[in-house]
Amino acid sequence: MTTLYRNLIDGKMIETAATMEVVNPANEQVIGLVPACGKDELDQAVAAARRAFKTWSRTPIDERRAAIMAISGAIKENADELYRLLTSEQGKPHEQAKGEIFGAAGMSAAQSTLSLEEVVNEDSDQRLSRTRRVPVGVVGGIVPWNFPVMMAIQKIVPAMLSGCTIVLKPSPFTPLTTLRIAELIADKVPAGVVNIITGEDSLGPMITEHPDIDKITFTGSTATGKKIMEGASADLKRITLELGGNDASIVMPDADPKKVAEQLFWASFSNAGQICVAAKRVYIHEDIYDELSQAIANYAKTVVVGDGSQQGTGVGPIQNKKQYDRVLELIQDAKDNGYKFLTGGDADPSGTGYYVPITILDNPPEDARIVAEEQFGPVMPLMKFSTESEVIERANNSEYGLAGAVWTADTDKGVEIAEQLETGTVWVNEYLHLSPFSPFGGHKQSGFGAEYGIDGLKEFTYPQVITVKRDAEVA
Numbered sequence: 335m336t337t338l339y340r341n342l343i344d345g346k347m348i349e350t351a352a353t354m355e356v357v358n359p360a361n362e363q364v365i366g367l368v369p370a371c372g373k374d375e376l377d378q379a380v381a382a383a384r385r386a387f388k389t390w391s392r393t394p395i396d397e398r399r400a401a402i403m404a405i406s407g408a409i410k411e412n413a414d415e416l417y418r419l420l421t422s423e424q425g426k427p428h429e430q431a432k433g434e435i436f437g438a439a440g441m442s443a444a445q446s447t448l449s450l451e452e453v454v455n456e457d458s459d460q461r462l463s464r465t466r467r468v469p470v471g472v473v474g475g476i477v478p479w480n481f482p483v484m485m486a487i488q489k490i491v492p493a494m495l496s497g498c499t500i501v502l503k504p505s506p507f508t509p510l511t512t513l514r515i516a517e518l519i520a521d522k523v524p525a526g527v528v529n530i531i532t533g534e535d536s537l538g539p540m541i542t543e544h545p546d547i548d549k550i551t552f553t554g555s556t557a558t559g560k561k562i563m564e565g566a567s568a569d570l571k572r573i574t575l576e577l578g579g580n581d582a583s584i585v586m587p588d589a590d591p592k593k594v595a596e597q598l599f600w601a602s603f604s605n606a607g608q609i610c611v612a613a614k615r616v617y618i619h620e621d622i623y624d625e626l627s628q629a630i631a632n633y634a635k636t637v638v639v640g641d642g643s644q645q646g647t648g649v650g651p652i653q654n655k656k657q658y659d660r661v662l663e664l665i666q667d668a669k670d671n672g673y674k675f676l677t678g679g680d681a682d683p684s685g686t687g688y689y690v691p692i693t694i695l696d697n698p699p700e701d702a703r704i705v706a707e708e709q710f711g712p713v714m715p716l717m718k719f720s721t722e723s724e725v726i727e728r729a730n731n732s733e734y735g736l737a738g739a740v741w742t743a744d745t746d747k748g749v750e751i752a753e754q755l756e757t758g759t760v761w762v763n764e765y766l767h768l769s770p771f772s773p774f775g776g777h778k779q780s781g782f783g784a785e786y787g788i789d790g791l792k793e794f795t796y797p798q799v800i801t802v803k804r805d806a807e808v809a
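Using the working numbering, you'd call the opening residue of the sequence shown number 335 and step up by one each time.
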């Protein structure tokens, strides 16, 4: 029997007459039905958020923190159920799903400790001037399908902590775990503070253009981000956009191929490569290229591609048919152009489930689609480079600027190279580490604004300056 899930509006779990099917990407079976909300349900959710904002924005910070900790606790206490549900709708292996669920709980708890302190601008005999941060209002959050729980929490928690209320839209591909969390927290958060509604892609523009929503926070593709920016411009909504990336890893000649091969593999292939900051272009110095590329290919042969719910699976399916077809198109383009494959390249689109074999390309040209475009799948192009200046130029030759990495035995040199990369985040000798206390955001067409840390929290506020003239003669 297919489970029917409900939405959270004004503290109540609601159903709609119209529903949408959610499919397990491992076997293409329908595993859930969720509400297909339209304008009426959106208006109800926004109205509830607007009513709740009047009280929540004046609620003491310690009470807001307590509500966030209640969310964190609910996720942690139900982690076993949640990670299995996440695997069934998203496809990632159980261990990676556990990481997302426990990561969301941990991020919630950590970020609840943040605070926005007032700043004294002037304290003189003449006047006292201070800057405080005030909540923007009602937030519209739009979440992607690659990390549906973590990205939902990353929008809900700073909104709540800042004093905002939120209407959140999960991806129609992966709404189930988020809706189950909604059910778990419905009685732990004041009515209207958090509203979670599901709908087709058409619901997104309705949120962006809704006159009673004050801010949009979106994670997803650059193309969609541009549409959101356009839609939000009509009434000058505040926006935070975390968009696409074509992230470069640079491996210097002093790196040990035996030690970095496995790390580089998972930098690219975690979550089947469906990570905005995955290593999507790997530049290896020519002195170690042959040894390292072979070491990565050999390690790839030990990793199982399959159903994420099965023990031993390392790489699960692509999450949805549309993305699956796009990845296959990029692989076919590489074949048509005669590029060399070290592994993979032989997907079977006639099979059940959206599986793409681990695919590693051997030194394709810089203008190849598989290099120039964000793959967002289990595909890794490896390229040779000769000089430091050359590889920095090649790494920066992208419309994106989300993240990157440098691998070297000389950490000072790694930092020197990192400081020349045109990205929001650069790792030296590690990958995929995000801190709740450090800002995360993109340069160029990877978006603007920040998530995480104080900078991310400020995105949900306005600065307000209050100046008091001392000894003024007014009475």
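The beta-carbon is built from N, C-alpha and C at its ideal position, and this holds for glycine as well.
Cutoff 6 Å; reference residue i; Cβ partners in own chain excluding five residues on either side
i	result
Ala-629	Pro-591 and Ala-595
Thr-508	Glu-423, Gln-424, Trp-479 and Pro-482
Leu-462	Val-802
Leu-322	The shown model of the chain, from 335 to 809, leaves out residue 322, and the question about it has no answer.
Lys-718	Glu-620, Tyr-623 and Asn-697
Asn-358	Ile-365 and Ser-422
Cut-off 8 Å between Cβ atoms - residues of its own chain near residue i, not counting five sequence neighbours on either side
i	result
Ala-613	Asp-581, Ala-582, Ser-583, Leu-598, Ala-601, Ser-602, Met-714, Ala-739 and Tyr-765
Leu-662	Ala-681, Pro-683 and Val-690
Ile-500	Ala-383, Val-472, Val-473, Gly-474, Gly-475, Lys-489, Ile-490, Ala-493, Met-494, Val-527, Val-528 and Asn-529
Leu-367	Thr-336, Thr-337, Leu-338, Tyr-339, Thr-353, Met-354, Glu-355 and Val-356
Ile-395	Ser-449 and Leu-495
Lys-432	Ala-413 and Tyr-417
Residue i and residue j closer than 8 Å at C-beta
i	j	result
Ala-413	Leu-518	no
Thr-532	Thr-551	no
Pro-712	Val-705	no
Thr-759	Val-611	yes
Gln-653	Gln-608	yes
Tyr-796	Val-468	yes
Ala-516	Leu-716	no
Phe-782	Gly-790	no
Ile-487	Met-540	no
Ser-723	Leu-676	no
Ala-379	Ala-352	no
Lys-522	Ile-405	yes
Asp-548	Pro-506	no
Gln-709	Thr-556	no
Val-725	Arg-572	no
Asp-459	Arg-804	yes
Pro-651	Ala-360	yes
Val-454	Arg-464	yes
Gly-554	Met-484	no
Ala-386	Ala-525	yes
Cβ-Cβ separation, residue j to residue i (assumed contact under 8 Å), whole Å
i	j	result
Leu-376	His-619	No, Leu-376 and His-619 are not in contact; Cβ-Cβ is about 53 Å, not under 8 Å.
Leu-577	Gly-559	4 Å
Tyr-673	Ala-634	Their Cβ separation, rounded to whole angstroms, is 17 Å, which puts Tyr-673 and Ala-634 out of contact at 8 Å.
Val-649	Ile-694	Going by Cβ atoms, the distance from Val-649 to Ile-694 rounds to 12 Å, so no, they are not a contact pair.
Thr-742	Ala-589	6 Å
Thr-686	Glu-362	6 Å
Ala-784	Thr-757	13 Å between Cβ atoms; not a contact.
Leu-664	Glu-707	7 Å
Arg-728	Glu-700	6 Å
Buried or exposed (CB count within 10 angstroms, at least 16 for buried), residue i
i	result
Asn-605	buried
Ser-769	exposed
Glu-451	exposed
Asp-641	buried
Pro-504	buried
Val-799	exposed
Ala-668	buried
Thr-647	buried
Arg-340	buried
Gln-430	buried
Gln-445	buried
Arg-392	exposed
Thr-542	buried
Val-808	exposed
Close Cβ partners of residue i (< 7 Å) along its chain, the five nearest in sequence each way excluded
i	result
Leu-812	The displayed coordinates of the chain run from 335 to 809. Any statement about residue 812 would go beyond what the structure contains.
Ser-720	Glu-620
Ser-496	Pro-469, Leu-791, Phe-794 and Thr-795
Pro-587	His-619, Asp-621 and Ile-622
Val-749	Val-762
Ala-443	Met-403 and Ser-406
Any non-hydrogen atom of the ligand ZN within 7 Å of residue i CB
i	result
Arg-728	Among the components of this structure there are no ligands whatsoever, and the ligand ZN is therefore not found.
> Which runs of the alpha helix (DSSP H) fall wholly inside the stretch 433–521 and span at least 4 residues, in chain order?
Replying inline: 482–496 and 510–519
> Which full runs of the alpha helix (DSSP H) of 4+ residues lie inside the stretch 335–413, going along the chain?
Replying inline: 373–390 and 395–411
> If you scan the stretch 574–605 from start to end, which runs of the alpha helix (DSSP H) of 4 or more residues do you find wholly inside it?
Replying inline: 591–603
> Taking the runs of the beta strand (DSSP E) that are 3 residues or longer, which of them lie wholly in the stretch 692–771?
Replying inline: 693–696, 713–719, 737–741 and 759–762
> Can you give, in chain order, each stretch of the beta strand (DSSP E) that sits fully within the stretch 623–685 and has at least 3 residues?
Replying inline: 647–649 and 674–677
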